[in-house]
Amino acid sequence: MADAAHIPDEAETRARWGNFAWTAENAEQAKKIIARYPPGRQQSAVMPLLDLAQRQVGAETNTQGWLPVPVMEYIGKQLDMAYIRVFEVATFYTMYNLAPVGRYHVQVCGTTPCMLRGSDDVLDACYKKGMKKGATTADGLFTLTEVECLGACANAPMVQINDDNYEDLTFDSMTAVLDALARGEQPKVGPQIDRQTSCPEGGPTTLVEMVGENHDYRGRWDAPA
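Numbered by the working numbering, the letters in the sequence shown go through residues 40 to 264 in order.
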C-alpha cells in the first residue's frame, strides 16, 4: 500500500531490538497477565503482551510504540508460540503498529458516517500541519493513518490519537487538538462540542420528566427524597 508506514531494514531492526527483554516492572506485569489463563492456555495472553511490549518500545523511543520482529519473537518464546502465530495476531488488529510511528499516532476514521460528516476536513487539517498518510513528520511528532470504523459513529467525524478519541471534529477543532499536542498539552478528550459523551447536543430530548430521578435496583423509578 502506498500509504503504509515504512518497516526498517531487518538488520537494522535486529541490531536495535535483538536483545529486547521486559523491564523489571513489565516482567511482573507479564507474569500476572499469563496467570489469568489456565495451564496450557498461556497463548491466550498474546494480545495483552503485544500491547505491553508496544508500550515498552514506545517508552524507550518516546513514541506511541511499535512491534519489531525480535520483540514479537520474544513474546512467542515466552508463550511457547510459533512466531508466525504471533505475527498473525499483530497483523490482524490495527491497534498494533508494525512500523515505527511518531509520538502521536493520528488515526483518522474515513468510514461512511465520518466521511459524510466531514472526515475530509479532518484530514485536511492534518495535511495543513505537514502530515502525509503512512508517514511521520520530520520532527517525529505525528504519524497519520486513515483507518476503518472506530465505533464512535454518533459523534462523527472522529480520530483516535494514541489511547484517546477526539470526536465531533471540524477543520478548526482538529487543528486546535494538533496544536495543543504540539505544545505538549493534553487537549480535551471526547466530543469537541457541547455534549456529554454521545448524548444529544443541548441535553435530553425525550423522557425529560425523568431527568434527575433515581432508578433503584428493582427497576422502579422513584423521585428523589
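Glycine included, every Cβ here is placed at the ideal spot set by N, Cα and C.
Alpha carbon to alpha carbon, how far is residue 203 from residue 257? Give it in angstroms, no decimals.
-> With a pLDDT of 48 at residue 257, under the threshold of 50, the predicted position of this residue should be treated as unreliable, though the coordinate-derived value follows. Cα-Cα distance, rounded: 36 Å.
Considering only the beta carbon of each residue, do residue 266 and residue 72 sit closer than 8 Å?
-> Given a span of 40 to 264 for the chain in the structure shown, any question on residue 266 remains unanswerable.
Which two residues bound the contiguous beta strand (DSSP E) that contains residue 162?
-> Segment 158–167 is the alpha helix (DSSP H) holding residue 162; no beta strand (DSSP E) there.
Tell me, which residues are paired with residue 178 by DSSP?
-> Secondary-structure assignment with DSSP links residue 178 through no beta bridge to anything.
Whether residue 142 touches residue 103 by CB criterion (8 Å) | Their beta carbons are under 8 Å apart, which means residue 142 touches residue 103 by this criterion.
Would you kindly work out how many angstroms separate the C-alpha atoms of residue 196 and residue 79, rounded to a whole number?
-> Each residue's alpha carbon lies about 43 Å from the other.
Looking at residue 231 and residue 186, is the spacing between their C-beta atoms short of 8 Å?
-> No.
Does the separation of the CB atoms of residue 234 and residue 207 fall below 8 Å?
-> A contact, by the Cβ cut-off of 8 Å.
Apart from the five residues just before and just after residue 34, which ones in its own chain have a Cβ nearer than 6 Å to its Cβ?
-> Shown here, the chain extends from 40 to 264; a query on residue 34 therefore has no answer.
Residue from 183, 107, 174 and 56 whose Cα sits closest to the Cα of residue 164 | 183 is the residue among 183, 107, 174 and 56 whose C-alpha sits nearest the C-alpha of residue 164.
Could you name the residues of the same chain whose beta carbon sits closer than 7 Å to that of residue 238, not counting the 5 residues immediately before and after it, in chain order?
-> Setting aside the 5 residues that flank it on each side, residue 238 has no residue in the same chain whose C-beta is closer than 7 Å to its C-beta.
Grouping DSSP H, G and I as helix and E and B as strand, with all else coil, what is residue 59?
-> Of the three classes helix, strand and coil, the one that applies to residue 59 here is coil, per DSSP.
Quick check: the segment 51–65 against the segment 95–112, are there 3 or more CB pairs under 8 Å?
-> Contact between the segment 51–65 and the segment 95–112 is present: three or more C-beta pairs spanning the two stretches fall below 8 Å.
Work out the CA separation of residue 70 and residue 173 for me, nearest whole Å.
-> Taking the CA atoms as reference points, residue 173 sits about 34 Å from residue 70.
For the candidate residues 158, 119, 91 and 62, whose alpha-carbon lies nearest to that of residue 205?
-> It is 158 whose Cα lies nearest to the Cα of residue 205.
Keeping to the same chain, check which residues put their C-beta closer than 6 Å to that of residue 220; ignore five residues upstream and five downstream.
-> Here the set comprises 143.
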